[in-house]
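Take a look at the structure set out below.
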C-alpha cells in the first residue's frame with residue numbers, strides 16, 4: 002500500500018513537471034513569434050520611411066538608405082514618447098529633456114553630405130538618443146559621440162550596447178570642447194545648432210576632412226566645411242531647424 006502511494010506521488014510529480022515544462026516551451030515559442038512579428042512589422046515601417054525619403058525628397062544615396070534600414074529607429078525613442086512621436090514618421094521625434102531625433106530625411110541628408118567611408122574616425126556632437134551614431138556605425142565608421150545631458154548620454158550608451166554597436170564611444174561632456182584625446186577626426190557632424198562655428202572643432206578636424214552642422218540662432222542653415230591645407234572652405238546648404246547647441250555653464 003505504501004509502495005503504491007509512493008508510486009502515485011512520483012507519477013503526480015512527473016505530470017506536474019511535464020506541465021510546467023510544456024508551459025515554458027509554449028511561452029518561449031509564442032513570445033519568440035511575437036518578437037519576430039514585431040521586428041518584421043518595424044522593418045516594414047522602416048521600408049516605408051525610406052520610400053518617403055526617396056519619393057518625396059528625391060534622395061538616392063542607397064548606401065545611406067541601406068544603413069538606415071538596418072538601424073531600429075524605434076529602439077532609440079523612449080517608450081513613453083513613441084505614441085506622441087511615431088518613430089518612422091516624416092518628422093522629428095521627442096526624446097525628452099527638450100531634445101529630439103532629427104527627421105529621417107535630415108539624418109539621411111546630413112549623413113550623405115558627410116560622405117563617410119569605412120574605418121573613418123567620426124566625431125558627433127549631440128548624441129541625443131544615439132540614432133545618428135548608429136547610422137554612422139552601420140557605414141563602418143569608428144564613432145566618438147558627445148552628449149552634454151547625462152541622462153541622454155547614459156540612455157544612448159545603453160541602447161547602442163544592446164543593439165551591438167561596439168564601434169561607438171559615448172562621452173558625457175561639452176561638445177564645444179570636442180574630444181581632443183581622439184583628435185584629429187576624418188569627419189565631424191553636429192546635430193544641434195551653435196550660433197557660430199566652434200573653433201575647437203575646426204582645430205580637431207583632419208586636413209582634408211569635412212564638417213557638417215546647422216548654424217544660427219533663429220534663421221538656421223546647414224553648413225558644410227572642408228579643411229584643405231589649413232584653409233576652411235564653407236558651403237551653405239538648405240534651411241533647417243535644430244535645437245540649440247548647449248554650452249557647459251562655467252563654475
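Residue numbers (my numbering): 2 to 252. Just so you know, even glycine gets a beta-carbon here, dropped at the ideal spot from N, CA and C.
Beyond the five residues adjoining it in sequence on each side, residue 53 comes within less than 6 Å, by CB distance, of 91 in the same chain, given in chain order. The three-state secondary structure of residue 186, taken from DSSP, is strand. Residue 59 carries a coil assignment under DSSP once its states are collapsed to helix, strand and coil. Nearest to residue 74 by C-alpha distance, out of 99, 64, 105, is 105. Ranked by Cα distance from residue 152, the first of 108, 127, 233, 144 is 127. Assignment of residue 181 by DSSP, reduced to helix, strand and coil, places it in the helix class.
Secondary structure at residue 247: coil, using DSSP grouped into helix, strand and coil. Assigned with DSSP and collapsed to three states, residue 237 falls in strand. When DSSP states are grouped into helix, strand and coil, residue 142 belongs to the coil group. When only Cα atoms are considered, residue 205 and residue 196 end up about 19 Å apart. Runs of beta strand (DSSP E) with 3 or more residues, each lying fully within the segment 57-95, are absent.
Between residue 67 and the set 112, 162, 217, 250, the nearest pair of CA atoms involves 112. Secondary structure of residue 242 (DSSP, three-state): coil.
Taking a 10 Å sphere around the C-beta of residue 47, we find 16 or more other C-beta atoms and assign the residue as buried.
Within a 10 Å sphere around the beta-carbon of residue 57 sit fewer than 16 other beta-carbons, which makes this residue exposed. Its Cα nearest to that of residue 182, the residue 124 stands out among 124, 148, 59, 72.
Relative to residue 122, the option among 109, 129, 146 whose CA is nearest is 146. Contact check for residue 187 and residue 210: beta-carbon distance about 5 Å, within the 8 Å limit, so the pair qualifies. A direct Cα-to-Cα measurement between residue 230 and residue 189 gives close to 17 Å. For residue 107, the enclosing alpha helix (DSSP H) stretches over residues 105-115. For residue 49 against residue 77, the beta-carbon gap comes to about 18 Å, at or over 8 Å, which does not count as contact.
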